[in-house]
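Residue numbers (my numbering): 33 to 159.
What follows is one structure encoded as structure tokens, with my remarks underneath.
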Amino acid sequence: MGSGDKNNEEARESMRRVLIEALEYPRELVRNNLELDECPHAGLYDNEDGNCIACPQQSECEWLYNNEGFAALEKKPIAKILTALEIAADYVAAQVTYWEHDSRRCGCTSCSWLRDALHLVDEARAP
Numbered sequence: 033m034g035s036g037d038k039n040n041e042e043a044r045e046s047m048r049r050v051l052i053e054a055l056e057y058p059r060e061l062v063r064n065n066l067e068l069d070e071c072p073h074a075g076l077y078d079n080e081d082g083n084c085i086a087c088p089q090q091s092e093c094e095w096l097y098n099n100e101g102f103a104a105l106e107k108k109p110i111a112k113i114l115t116a117l118e119i120a121a122d123y124v125a126a127q128v129t130y131w132e133h134d135s136r137r138c139g140c141t142s143c144s145w146l147r148d149a150l151h152l153v154d155e156a157r158a159p
């Protein structure tokens, strides 16, 4: 492996770590917003269970299941992790809109995370 290949691989792995770290906050937010009192799986999405598929929280629960720490994120392709981050950004954007925050100026954790995540998505998508 040439030094250019090694540098590219190191840059990809560094980006992977940053993307995985960025998923930490939306995982916490989704976890806190899920209502699991009636969930037979305690929030562990099961794509073979009709109850999960029909659940109004299906999207959030499935996203969380696929992006939790036990989902072996370090082995997932960067493109899938980036897509998960984009979905998380949409989720957080919806939350801050619901809360009537101005995400461009607000200093709360959600708005700050959203600004950082959108910048990270742009950086990761750049050629």
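Backbone N, C-alpha and C fix where the C-beta goes; we use that ideal spot for every residue, glycine too.
Remember, it's a predicted structure, so these values are computed and weren't measured experimentally.
Between N79 and V62, the alpha-carbon positions lie close to 18 Å from each other.
The C-beta of A54 has 16 or more other C-beta atoms within 10 Å across all chains shown, which makes the residue buried. Exposed is the label assigned to N83, since fewer than 16 other Cβ atoms lie within 10 Å of its Cβ. Here C140 is exposed. Its C-beta has fewer than 16 other C-beta atoms within 10 Å. For Y57, the closest alpha carbon among the candidates A149, P159, E155 and N40 is that of A149.
Burial is judged here by how many other beta carbons sit within 10 angstroms of a residue's own beta carbon; W95 has at least 16 and is buried.
Shortest Cα-Cα distance from C143 to any of E45, Y130 and E155 involves Y130.
Cβ neighbours of H73 within its own chain (closer than 8 Å, five residues either side excluded): D81 and C84.
Taking E155 as reference, the option from C138, A125, E132 and L114 with the minimal CA-CA separation is L114.
C93 and A103 have their C-alpha atoms some 13 Å from each other. Assigned with DSSP and collapsed to three states, D78 falls in coil, not helix or strand. Residue burial annotation: N99 is buried, with at least 16 other C-beta atoms found within 10 angstroms of its C-beta. Our two residues, D134 and A121, have alpha carbons roughly 15 Å apart in a direct line.
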